Amino acid sequence: MRVSVLGTGSRGNAMLVDAGGTRILVDAGFGVRTIAQRLAQLGCAPESISALVLTHEHVDHAQGAIPACARWGWPLFATSATLAQLPTPIVPVRAITHGQSWSVGDVIGTSYAVPHDASDCSAFVFEQQGSGERLGIALDLGHVPESLPSAFERLDMLVVEANHDLEQLMAGPYPWMLKKRIGSSTGHLSNAQAATFIAACAHKGLRAIVLAHLSETNNTPEQAVHTVGRALAARGRVAAALVSRVVAASQRVPLGPVSGHGAVVVRAPQLELSL
Ligand SMILES: [Zn+2]
Ligand SMILES: [Zn+2]
Numbered sequence: 001m002r003v004s005v006l007g008t009g010s011r012g013n014a015m016l017v018d019a020g021g022t023r024i025l026v027d028a029g030f031g032v033r034t035i036a037q038r039l040a041q042l043g044c045a046p047e048s049i050s051a052l053v054l055t056h057e058h059v060d061h062a063q064g065a066i067p068a069c070a071r072w073g074w075p076l077f078a079t080s081a082t083l084a085q086l087p088t089p090i091v092p093v094r095a096i097t098h099g100q101s102w103s104v105g106d107v108i109g110t111s112y113a114v115p116h117d118a119s120d121c122s123a124f125v126f127e128q129q130g131s132g133e134r135l136g137i138a139l140d141l142g143h144v145p146e147s148l149p150s151a152f153e154r155l156d157m158l159v160v161e162a163n164h165d166l167e168q169l170m171a172g173p174y175p176w177m178l179k180k181r182i183g184s185s186t187g188h189l190s191n192a193q194a195a196t197f198i199a200a201c202a203h204k205g206l207r208a209i210v211l212a213h214l215s216e217t218n219n220t221p222e223q224a225v226h227t228v229g230r231a232l233a234a235r236g237r238v239a240a241a242l243v244s245r246v247v248a249a250s251q252r253v254p255l256g257p258v259s260g261h262g263a264v265v266v267r268a269p270q271l272e273l274s275l
């Protein structure tokens, strides 16, 4: 199983899960042209994707959902509350329920409710049938609910939001109301909160940890990776060995595929320019 990030942050999110020939896009927070371009950079034809799964309805996760499903014939999976917030879809939809598994090809998905100021935000665990490999994705959550670490047990790969450094957010240029919203228990996860959660998920089989939805104003990849690394290092020998497996994904440049076997390929635009 592999995961690639088309882009992640407040200006758009989309991730590609690729497992044994089954491909699932998680979120479509870009226009169809950008989705097509970023998939091409990752070597993926949109027609080869089996389904689109949405975490929630915010524009940075869902703005391209209906047009992309219409263009490429993807069925759309989301909770009924999330589906109700979208423009009436004419694509096939599948309403999912938290805690109940569903399958797309070789992949079994399960959603878990996470606290965020949307109608019903989901975190996901994807498990590949046969290999049993497990990927957890948690984006846009104000805090980690008590039940999430046990749902995210024994993961092979983890993608988790590390939105902001709390001090930087509070000292930064955002209006007070926005700072309050982002830092609230239904806003976004700070580096420190992400670090605590990741440390709780740490086990020796966790091969890759991808930090996502980093703020370009209130965070840096270095800070996020450093904060998570420090929490892992403080948690004992097994967790400390995971420090080198932490990578931060970005808004502008696709990342992946991340397989957890040391195969992280970052396709930077400057590489294209130098060709
Ligand atoms: Zn959101
Ligand atoms: Zn978001």
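In the working numbering, the protein residues as written are 1 to 275.
From the three backbone atoms N, C-alpha and C, an ideal C-beta is built for every residue, glycine too.
Owing to the predicted nature of the structure, the values given are computational and were not obtained by experimental measurement.
**Asked** Going along the chain, which residues of its own chain have a beta-carbon closer than 6 angstroms to the beta-carbon of Gln85, five neighbours each way excluded?
**Response** Glu57 and Ser119
Tell me whether Thr286 sits in a helix, a strand or coil according to DSSP, three-state version. This structure gives no information on residue 286, because the portion of the chain shown stretches from 1 to 275.
Notebook entry, point to check: Candidates Asp156, Ala194, Gly205 and Val258: which alpha carbon is nearest His213's?
Noted result: Ala194
Looking at the structure shown, is Leu148 part of a helix, part of a strand, or coil, going by DSSP? helix
### Query
For Leu273, which residues from the same chain have a beta carbon less than 8 angstroms from its beta carbon, with the 5 sequence-adjacent residues on both sides left out?
Note that Leu273 scores 36 on pLDDT, short of 50, meaning its location in the model is unreliable; the coordinates nonetheless yield the value given after this. Answer for Leu273: no residue qualifies.
Next item on the list: Would you mind reading off the limits of the alpha helix (DSSP H) that contains Ala212?
Entry: Careful: Ala212 lies outside any alpha helix (DSSP H), inside the beta strand (DSSP E) at Ala208 to Ala212.
Using a 10 Å radius around the Cβ and a threshold of 16 neighbouring Cβ atoms, would you call Ser48 buried or exposed? exposed
Out of Val17, His143 and Lys179, state which residue places its alpha-carbon closest to the alpha-carbon of Ala192. His143
Point to revise | Contained alpha helix (DSSP H) runs [length at least 4] in the region 152 to 199, N- to C-terminal order | key: 166 to 171 and 176 to 183
Check your understanding: Under the criterion of a Cβ to heavy atom distance below 7 angstroms, does Asp106 qualify as lining ligand 1?
Key -> no
Give the DSSP-derived three-state secondary structure of Arg33 in the structure shown. helix
beta-carbon Asp120 near ligand 1 non-hydrogen atom, thresh 7 angstroms
no
Got a list of residues with beta-carbon closer than 5 angstroms to any non-hydrogen atom of ligand 1, in chain order?
-> His58 and Asp140
Item to complete: Closer than 7 angstroms by C-beta to Gly260: which residues in its own chain qualify, once you throw out the five before and the five after it? Chain order, please.
Response: Asp156, Met157, Arg207 and Ala208
- With 16 as the cutoff for other CB atoms within 10 Å, does Gly9 come out buried or exposed? buried
Is Asn218 close to ligand 2? I mean its beta-carbon at under 7 angstroms from any heavy atom of the ligand. no
Checklist entry - Taking just the CA atoms, how far does Lys179 sit from His188? => result 10 angstroms
| task | Tell me whether Ser10 counts as near ligand 2, meaning its Cβ is closer than 7 angstroms to at least one heavy atom of that ligand. | result | yes
Worksheet entry | Pairwise C-alpha distance: Gly236 and Ser122 | 30 angstroms
| request: Mark Gln270 as exposed unless 16 or more other C-beta atoms lie within 10 angstroms of its C-beta, in which case mark it buried. | output: Confidence in Gln270 is poor, its pLDDT being 37 and thus under 50, which makes the residue's placement too unreliable to answer from.
For this session: Figure out for me which residue from Thr22, Ala28 and Ala234 has the closest Cα to the Cα of Met15.
Result: Ala28
message = My output table needs one value for Glu222: the three-state DSSP class, helix, strand or coil.
response = helix
request  = For Asn219, I'd like the list of residues in its chain whose CB is within less than 6 angstroms of its CB, leaving aside the five on either flank, ordered along the chain.
outcome  = His164 and Asp165
inquiry  = Please classify Thr88 as buried or exposed, where buried requires at least 16 other C-beta atoms within 10 Å of its C-beta.
reply    = exposed
Kindly indicate which three-state DSSP category Gly229 falls into: helix, strand or coil? helix
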